[in-house]
Structure formats: C-alpha cells, structure tokens
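Heads up: the structure comes next, in structure tokens.
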Amino acid sequence: MSNDSAVPVIAAEAALVKQDYALIFVATFIGQILFGIVIAQVYIYFTRYKRDALWVKVFVLFLFVCDICSAVFTICWMFFLFVSNWGNIAAFSQPTWMLATDPLILGLMSCATHFFFARRIKIITESIWLAGSICFFGIGTLAGALGGTIEFMRVQSLVDLTSLKPIAIVWLLCAAVGDVMITVILSWSLKRKKSGFKRTDQIVDRVIRVTIQNGFLTAAVATCALILYLSSDIPYHLALSLVLPRMYSNSILSSLNYRDVMHPDSSTDRGASGISFAAASASRRGQQTEVVVHVEAHELTEATKSDGDWDVPSKAHSV
1 MSNDSAVPVI
11 AAEAALVKQD
21 YALIFVATFI
31 GQILFGIVIA
41 QVYIYFTRYK
51 RDALWVKVFV
61 LFLFVCDICS
71 AVFTICWMFF
81 LFVSNWGNIA
91 AFSQPTWMLA
101 TDPLILGLMS
111 CATHFFFARR
121 IKIITESIWL
131 AGSICFFGIG
141 TLAGALGGTI
151 EFMRVQSLVD
161 LTSLKPIAIV
171 WLLCAAVGDV
181 MITVILSWSL
191 KRKKSGFKRT
201 DQIVDRVIRV
211 TIQNGFLTAA
221 VATCALILYL
231 SSDIPYHLAL
241 SLVLPRMYSN
251 SILSSLNYRD
261 VMHPDSSTDR
271 GASGISFAAA
281 SASRRGQQTE
291 VVVHVEAHEL
301 TEATKSDGDW
311 DVPSKAHSV
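Note that UniProt numbering gives residue 276 to position 276 of the sequence shown, counting from 1, and the numbers run on in steps of one.
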C-alpha cells in the first residue's frame, strides 16, 4: 500500500475508532484497572481467610480464573484490532472468538454469583422460594449468555448483532433483576435481624450498605448495557459488558474481605459459617450481656460486654 493510498484508509479508521470504539477502548483500560483490584482482593482473601470452607476458596478461584480469561481475551481483541489489523477497517466489524467469549464468561460469573447469594438468602430467610427465585434468574442469565455466544459466532458482522435482541434481553434483564432482588432481599432480611444492641446493629448496618452498593452497581451497569444495546446500532454496550466481569468479582471479594473492616480486632483465621445472632441476657443490673455476631455467612465474631438490665430470655437465631 502506497503512502498516498494509506492516508485516507488511516483517516477513515481513525474516524471509525473515534466514533464507534472510543468508549470501548476506554472501557478496556478501566477493566484492566479493575482487574488489578481483583488481584489485590484475591491476595487479601487467601492470606487472611486461610480456614474458610474449601467450597468458598474454590468459588473464589473460579471467579478469578474467569476474570483472568476475560482480561486476556479483551487484550487479545484489542491487539487484533489495533496491531494485527491496523489499517484494515473491516476488522472492526468482524466478530471474533475473542469477543464471543465475553457473554459466556459474564454469564458464568453472574450465574455463580447469584447462586452464592441465593445460599446466603436461604440461610438468612429460611425461604427456599426466595433462594430459588434468585437461582432462576441466575440460570436465565447463563442460558441467555450461552445462546448469545452461539449466535454471536454465526453473525457475519457486528452490525448484525441487532438480530440477537431477544437473547440479549433474557441475558441482561435476568442479570439485572437478579442483582436487584439479591440487594433488596438481603437488605430487608438483615434489617429485620437487628437485635437492639447498638454495636451489633452498627455492624448489620455496614453489611447492608455494602450489599446495596455492590448489588445496585452491577444491576445498574447491566441495565445500562441493555439500554445501549436496544437503542443504538453502534456497539456501545460492549464497553459495559467488558467491565461487568470485574464488577462481579469485586462484588463477591469485597463482601468476603469486608469482615475485617467491620471488626478489625476479630480473628480472620476462621472457617465459614452461617449468619447467626445470639444474645445472652441477664435479669438484673451488674451482670453482663454478651452479644455474639456471625455476619455474612462467614464467621465474624464480636463479643461485647456491658452492664445491662434486660429481662428477656436467652435466645439464638441461626440464619
């Protein structure tokens, strides 16, 4: 290609990148920054919670491996566009296997996250129906993602992705609805478990805040991705879908690692357990009241002793 003929091609490619792929390019960098945070979170988890249940460690490793694959495939796609096919405008509209892995990985991570929180909801609420509804939306997310991956490999151009709207609606809508349900159910259930003890209630309030922040954030991003996909022929939605895997990983890991933030003096070398609240009360002033709190389906123990004049029977709720 001569220099004279290369100039208009490069100019056309630059215009295409600026108009259609600038947001995706920026999202790729944001995704890699979030991936660095995921690495730090995983390191913190495995160094502090060595005695957590094996299934929790395997679950964290599964999410981490999925996140690694997502990050690597995203970089490979960027390399394919801006290095291997520099000057080839057609490459930008070409669906590749690297990009096709995005809905599959995102579906796996979203489904696994929903099942993880469904278990917590079952422990807290003792309702198999609420937990089952979360699992239903998790399976719906995975089914839509699998269908999207299969159909993605069949299209000839990214412009043809509009034909996948029914599948995309199932995939992203199930993810968003599941995230919102998890946030609402956990927040409502934990609020009902308040014991009336100030220190205990403060810890529960912190758990609720983290739950709301993580749940609504992933739900908002999934909803925005769906809106962009349905409202624009330009693949802006890819920018958000490339970031979502890192957000799901950080959602789980921040929830697990937040145990130390809630009570820095607590032992972090403990095993996983269910959430439980126990209060042993004395009947006259001068005796001590002990509150033991196990938070977030993983053991976080806080014992606070103070004078009390409560006259209620000892009780324990395993949730």
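Each residue gets a CB set at the ideal place from its N, CA and C atoms; glycine is no exception. Model, not experiment: these values are computed from the prediction.
Are F64 and S249 closer than 9 angstroms when you measure CB to CB?
-> yes
Hey, would you say L130 sits closer than 9 angstroms to I75, going by beta carbons?
-> In terms of Cβ geometry, L130 and I75 do not form a close pair [threshold 9 angstroms].
Give the single residue among F136, I121, R120 and L104 whose Cα lies nearest to the Cα of S241.
-> L104
Exposed or buried, F62, counting other C-beta atoms within 10 Å across all chains shown (16 or more means buried)?
-> exposed
Opening and closing residue of the alpha helix (DSSP H) in which Q213 lies = K198 to S231
Closest by C-alpha distance to V155, when choosing among V72, W97 and R259 | Per the Cα distances, W97.
Option nearest I68 by Cα separation, candidates V42, S187, K57 and L190 = V42
Cβ contact (3+ pairs, closer than 8 angstroms) linking the stretch 113 to 128 and the stretch 174 to 188 | Yes, the stretch 113 to 128 touches the stretch 174 to 188.
Would DSSP call I234 helix, strand or coil?
-> coil
Under 7 angstroms Cβ to Cβ from P245, same chain only, skipping five residues before and after it: list those, please.
-> C66, D67, S70, I105, L106 and M109
Starting from the N-terminal side, write out each stretch of the alpha helix (DSSP H) that is 4 residues or longer and does not extend beyond the stretch 94 to 168.
-> If we require 4 residues or more, the alpha helix (DSSP H) runs fully inside the stretch 94 to 168 come out as 97 to 125 and 128 to 152.
How many angstroms separate the CA atom of G215 from the CA atom of S251?
-> 8 angstroms
Determine the burial state of A90: buried for a count of at least 16 other Cβ atoms within 10 Å of its Cβ, exposed for fewer.
-> Note on A90: under 16 other CB atoms within 10 angstroms of its CB, so exposed under the neighbour-count rule.
Proximal residues to T125 (C-beta, below 6 angstroms), its chain only, five neighbours per side dropped | S189
How about the stretch 44 to 58 and the stretch 75 to 88: do they share at least three Cβ pairs that are nearer than 8 angstroms?
-> For the pair of segments examined, the stretch 44 to 58 was found not to touch the stretch 75 to 88: the number of CB pairs separated by less than 8 angstroms stays below three.
Length of the line joining the Cα atoms of G87 and I128 | 56 angstroms
Assuming I169 contacts L226 under a Cβ cut-off of 8 angstroms, what Cβ separation, rounded to an integer in Å, is found between them?
-> 7 angstroms
Would the beta-carbon of F137 fall within 9 angstroms of that of C174?
-> It is a contact, given that the beta carbons lie within the stated cut-off.
Could you say which of V60, A145, V58 and I150 lies nearest to P95 if we only look at CA atoms?
-> I150
At which residues does the alpha helix (DSSP H) containing S70 begin and terminate?
-> L54 to F79
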